[in-house]
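A short worksheet on the structure shown next.
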Amino acid sequence: MNQINNSQHGITLEKMLTDLVEHFGWPELARRIPIQCFEKDPSIKSSLKFLRRTAWARSKVEELDARMRR
Numbered sequence: 000m001n002q003i004n005n006s007q008h009g010i011t012l013e014k015m016l017t018d019l020v021e022h023f024g025w026p027e028l029a030r031r032i033p034i035q036c037f038e039k040d041p042s043i044k045s046s047l048k049f050l051r052r053t054a055w056a057r058s059k060v061e062e063l064d065a066r067m068r069r
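And the structure:
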């Protein structure tokens with residue numbers, strides 16, 4: 000598969016989440032993607048644990064990251 004046009008190629012989930020938190024902040028991120036790990040006592044570590052186990056949530060983070068990077 001050709002990754003030339005994939006803006007997320009080589010970007011880890013941790014990097015995506017860190018960039019989203021820096022750009023939006025936890026409150027806005029929780030508003031855009033309403034999951035508890037963003038709403039209550041959020042941290043990168045706990046959020047990554049959840050996102051790695053939950054495909055639909057990871058997909059939403061990837062979609063938001065792609066929109067942010069455009």
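The opening position of the sequence shown corresponds to residue 0 in numbering that gives the first Met the number 0, with each subsequent residue numbered one higher.
Idealized CB from N, CA, C, for every residue including glycine.
All of these numbers come straight from a predicted model, not from anything done at the bench.
>> Looking only at its chain, what residues have a beta carbon closer than 6 angstroms to the beta carbon of Ala56, apart from the 5 residues adjacent to it on each side?
In response: Closer than 6 angstroms at the Cβ level, and outside the excluded window around Ala56, lie Ile34, Leu50.
> Using the beta-carbon count (16 or more within 10 Å), is Met15 buried or exposed?
Replying inline: Met15 should be labelled buried.
> What is the residue span of the alpha helix (DSSP H) that Lys39 lies within?
Replying inline: From DSSP, Lys39 is part of no alpha helix (DSSP H); its letter is neither H nor E.
> Which residues mark the beginning and the end of the alpha helix (DSSP H) in which Thr17 is found?
Replying inline: Here the alpha helix (DSSP H) through Thr17 covers 12-23.
> Looking at C-alpha atoms only, which residue of Gly24, Ala54, Arg52, Thr53 is the closest neighbour of Asp40?
Replying inline: That would be Gly24, whose Cα lies nearest to the Cα of Asp40.
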